[in-house]
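Written out below as structure tokens is the structure these notes cover.
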Amino acid sequence: MISVDTAVKIVTDVTEPLPAKTVSFESALGLCLAQDVQSDINMPPFDRSAMDGYAVIAEDTARAPVELTVIEDIAAGHMPTKKVKRRQASKIMTGAAVPEGADAVVKVEETEDLLPHNRVRILRTIDRGRNISKMGEDMKVGQVVLQKGMPVRPQEIGILATVGKSCVEVFSAPTVGIISTGTELVDVESKPAAAQIRNSNGYSLAAQARRLKADVELLGTVKDTKEEISRIMHRGLQKDILILSGGVSMGEYDLVGDVMKDLKTHIYFEKVALRPGKPVIFGKKDKTLIFALPGNPVASFVTFELFIYPAIRKMMGFTSHHRTIFKASLETEILVKRKRREYRPAFLRMQNNAWVVTPVEWHGSADLLSTTRANCLLIVREDAEKFTVGQLVDVVPLD
Ligand code: AMP
Ligand code: MG
Numbered sequence: 032m033i034s035v036d037t038a039v040k041i042v043t044d045v046t047e048p049l050p051a052k053t054v055s056f057e058s059a060l061g062l063c064l065a066q067d068v069q070s071d072i073n074m075p076p077f078d079r080s081a082m083d084g085y086a087v088i089a090e091d092t093a094r095a096p097v098e099l100t101v102i103e104d105i106a107a108g109h110m111p112t113k114k115v116k117r118r119q120a121s122k123i124m125t126g127a128a129v130p131e132g133a134d135a136v137v138k139v140e141e142t143e144d145l146l147p148h149n150r151v152r153i154l155r156t157i158d159r160g161r162n163i164s165k166m167g168e169d170m171k172v173g174q175v176v177l178q179k180g181m182p183v184r185p186q187e188i189g190i191l192a193t194v195g196k197s198c199v200e201v202f203s204a205p206t207v208g209i210i211s212t213g214t215e216l217v218d219v220e221s222k223p224a225a226a227q228i229r230n231s232n233g234y235s236l237a238a239q240a241r242r243l244k245a246d247v248e249l250l251g252t253v254k255d256t257k258e259e260i261s262r263i264m265h266r267g268l269q270k271d272i273l274i275l276s277g278g279v280s281m282g283e284y285d286l287v288g289d290v291m292k293d294l295k296t297h298i299y300f301e302k303v304a305l306r307p308g309k310p311v312i313f314g315k316k317d318k319t320l321i322f323a324l325p326g327n328p329v330a331s332f333v334t335f336e337l338f339i340y341p342a343i344r345k346m347m348g349f350t351s352h353h354r355t356i357f358k359a360s361l362e363t364e365i366l367v368k369r370k371r372r373e374y375r376p377a378f379l380r381m382q383n384n385a386w387v388v389t390p391v392e393w394h395g396s397a398d399l400l401s402t403t404r405a406n407c408l409l410i411v412r413e414d415a416e417k418f419t420v421g422q423l424v425d426v427v428p429l430d
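First residue of the sequence shown: 32, per the working numbering; consecutive thereafter.
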């Protein structure tokens, strides 16, 4: 049986980034840039006032208070037309271009209007350059402002708008097909009869993949027969990633592994030293990565987060596709029972400026409800004997 770390490495080694495509900049949110983006403008485009006030020659304020003649009122969207000369000032608003001649802006709070004589009293001495943002200080024409491999977040959307990049190249997000196996499964709208349960994995897996921006199709639920599993898997082989849940344990009706082999899938691993989620099969058939996950809902949830998350992120072109690990101080003692790494649903929070974590109550890998009280997975390492209160432990944040 291989370790979780080895399994993750195998998955990410086998996974290749998908080709790039051009999309409208607004739909790039959550995707990864596949090109460097250059600015076509200087920002600010001119020496710009950072305040509402008066553009002046700083030297004129040396013996403040002083009175200056107001020669112009520069509104937003208008360029100044007059050069400021000695003992003159132009009224200016935030974001407007500083007129020629002026070398500082006095904010309005430090002035008094002397109406109706078009004069202003400057109450304080000001230094040269004060309240002026220099042309191009944020970005210059031709500068690479966003780099290939960066995630597109709301602030990157704003920069794409600033530099006029209405279409941008991003890596494609994978297409994902999801199959739920199990003769006992009924759909959401049905009331389960004796011996039946509702299919929840199909939907939670779809939501996990959609949260990462994958293009998901629920391919349906199948009974535990080789024929049905094989028929639906053929449809799934159109996808970049095919996820199956259930049917991977040692039971008589656990046929997914057999079908994968019948279809000549290249199998990389079939078991990982992990709890929950030991029986997890990873293979590749042509270009499709196939993940067959255990049917227990927490096992299916956890194995997605451990193995499919990095695969999707790598396909999407992200250079950092691994999960972030936090260190948190344990609030409750944990006894280590097995020599298999465990991922326990837990709750992470800040207390006195430090992260603390407590496992939530859970009754094993079928207890999906426990995960609704959790916001992270607490890693109980295989080599640990006992975890004591106050000890720093590794956690994987989920939200
Ligand atoms: P299996 O991995 O097929 O042996 O299933 C293990 C357990 O998970 C059984 O109790 C199944 O009923 C349950 N299970 C399997 N598939 C699903 C599903 N799609 N949704 C919810 N529970 C499931
Ligand atoms: Mg089953």
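Note that CB positions come from ideal geometry on N, CA and C, so glycine has one too.
Out of M124, T112 and E143, the CA that lies nearest to the CA of G132 is found in T112. Taking every protein chain shown into account, the CB of G213 has 16 or more other CB atoms within 10 angstroms, so this residue is buried. Proximity of the beta carbon of D285 to the ligand AMP is indicated: a heavy atom of the ligand is located closer than 8 Å.
Within the same chain, I356, K358 and I410 come within 7 Å of D425 by CB-CB distance, once the 5 residues on both sides are set aside.
One alpha carbon belongs to I102, the other to N149, and they sit about 8 Å apart. When DSSP reads this structure, K315 sits in a beta bridge with H297 and L320. In this structure, the straight-line span from the alpha carbon of P205 to that of A245 is close to 5 Å.
Taking the Cβ of L250 as the reference point, every heavy atom of the ligand AMP lies at 8 Å or farther away. Annotation for D44: the continuous alpha helix (DSSP H) segment containing it runs V35 to V45. Rounded to whole angstroms, S276 and F335 show a C-alpha spacing of 10 Å. A Cβ-Cβ distance of about 6 Å is found for the pair F300 and A38, placing them in contact under the 8 Å criterion. Per DSSP, the beta bridge partners of Q69 are V175.
Three or more Cβ pairs drawn from the region 280 to 296 and the region 307 to 318 lie within less than 8 Å of each other, which places the two stretches in contact. If you check the CB distance, E200 and Q66 come in under 9 Å. With 16 or more other Cβ atoms from the protein chains shown falling within 10 Å of its own Cβ, G348 counts as buried. The beta carbon of E248 lies closer than 8 Å to those of T206, V207, G208, I209 and K270 in the same chain, with the five residues before and after it left out. With three or more CB-CB distances shorter than 8 Å, the region 148 to 164 counts as touching the region 86 to 99. Contact residues of the ligand MG (beta-carbon closer than 5 Å to any heavy atom; chain order) are G213, G277, G278 and G326. Q239 places its beta carbon 9 Å or farther from that of F322. According to DSSP, residue pairing for F77 in a beta bridge does not occur. The beta-carbon distance between D104 and V97, rounded to whole angstroms, is 20 Å. This is too long to meet the 8 Å contact definition. Within the region 371 to 415, the alpha helix (DSSP H) runs of at least 4 residues that lie entirely inside it are, in chain order, 399 to 402. At least one heavy atom of the ligand AMP lies less than 8 Å from the C-beta of A397.
In this structure Q119 is buried. Its beta-carbon is surrounded by 16 or more other beta-carbon atoms within 10 angstroms.
Within the region 184 to 229, the complete beta strand (DSSP E) segments at least 3 residues long are 198 to 202 and 206 to 212, listed from N- to C-terminus. Its Cα nearest to that of R380, the residue L361 stands out among R371, L361 and S396. Inside the region 89 to 175, DSSP marks whole beta strand (DSSP E) runs of 3 or more residues at positions 97 to 105, 119 to 123, 135 to 138, 142 to 145 and 150 to 153, from first to last along the chain. Here T419 is not bridged, per DSSP, to any residue. DSSP places K257 in the helix class (H, G or I) of the three-state scheme.
The alpha-carbon of T296 is positioned some 32 Å away from that of A226.
Taking a contact as a CB-CB distance under 8 Å, the pair T43 and L320 does not count as one, their CB atoms being some 11 Å apart.
Here the region 70 to 80 makes no contact with the region 367 to 387; the two share fewer than three CB pairs at distances below 8 Å.
By the neighbour-count criterion, in which a residue is buried when 16 or more other Cβ atoms sit within 10 angstroms of its Cβ, I228 is exposed.
In the three-state reduction of the DSSP assignment, E336 falls in the helix class.
Within 8 Å of the C-beta of E336 there is not a single heavy atom belonging to the ligand AMP.
CA-CA distance, D134 to R159, rounds to 6 Å.
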